[in-house]
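Residue numbers (mature numbering (1 follows the signal peptide of the UniProt record, and there is no 0)): -25 to -1, 1 to 134. Glycine included, C-beta positions come from ideal geometry on N, C-alpha and C. These numbers were taken from a predicted model, which means no experiment stands behind them. The structure under discussion appears below in the form of structure tokens.
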């Protein structure tokens, strides 16, 4: 076989393997996840998870890692409670952080957006689209990113 034929054969084998790799991924339910499914998913990874209303009456899932409390908000939910968009969020009240400190975080880090909230609060948030096309493996990666970056963010703002 010539070098060109070997290269062509190798490329064909690689291309044939791509759909198989994608097929092994576990798709999320069409339309996204319910709050109950999010709580079960977190618990399956060893995190606590509680569904309740926040101070403004929005139903959220609360959890914690590394001694830091955080929430998952859901958006664009359909009538069956399936939500294609979620947001990891952590906030600290009564905290004063210089705008330069938050701007430095936002400039140097990709996955947590930092900002000053109302009444002396500071927030870190991470938005994720999970439907259409999301997989459980992709969702697991977002959780890893969140729980890995959150302690760094807390330290950056002095918490």
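What are the boundary residues of the beta strand (DSSP E) that includes residue 62?
Unbroken beta strand (DSSP E) run through residue 62: 60 to 67.
Taking buried to mean at least 16 other C-beta atoms within 10 Å of its own C-beta, is residue 99 buried or exposed?
It is buried - the Cβ of residue 99 has at least 16 other Cβ atoms within 10 Å.
Cβ-Cβ distance between residue 17 and residue 38 below 7 angstroms
Result yes, Cβ atoms of residue 17 and residue 38 sit closer than 7 angstroms.
Residues near residue 127 in its chain [Cβ-Cβ closer than 6 angstroms; skip 5 each side]
none
Judging by CA-CA distance, which residue of 104, 103, 87 is the nearest neighbour of residue 77?
87
If you draw a straight line from the alpha carbon of residue 134 to that of residue 69, how long is it in whole angstroms?
11 angstroms
If I'm right that residue 132 touches residue 97 with Cβ under 8 angstroms, what's the distance once you round it to whole angstroms?
6 angstroms
Does the beta-carbon of residue 55 have 16 or more other beta-carbons within 10 angstroms, so that it is buried, or is it exposed?
exposed
Whole angstroms are fine: how far does the CA of residue 118 sit from the CA of residue 75?
For residue 75 and residue 118, the gap between their C-alpha atoms comes out near 27 angstroms.
Residue range of the unbroken beta strand (DSSP E) whose run includes residue 13:
Note, residue 13: premise wrong, no beta strand (DSSP E); alpha helix (DSSP H) at 10 to 19.
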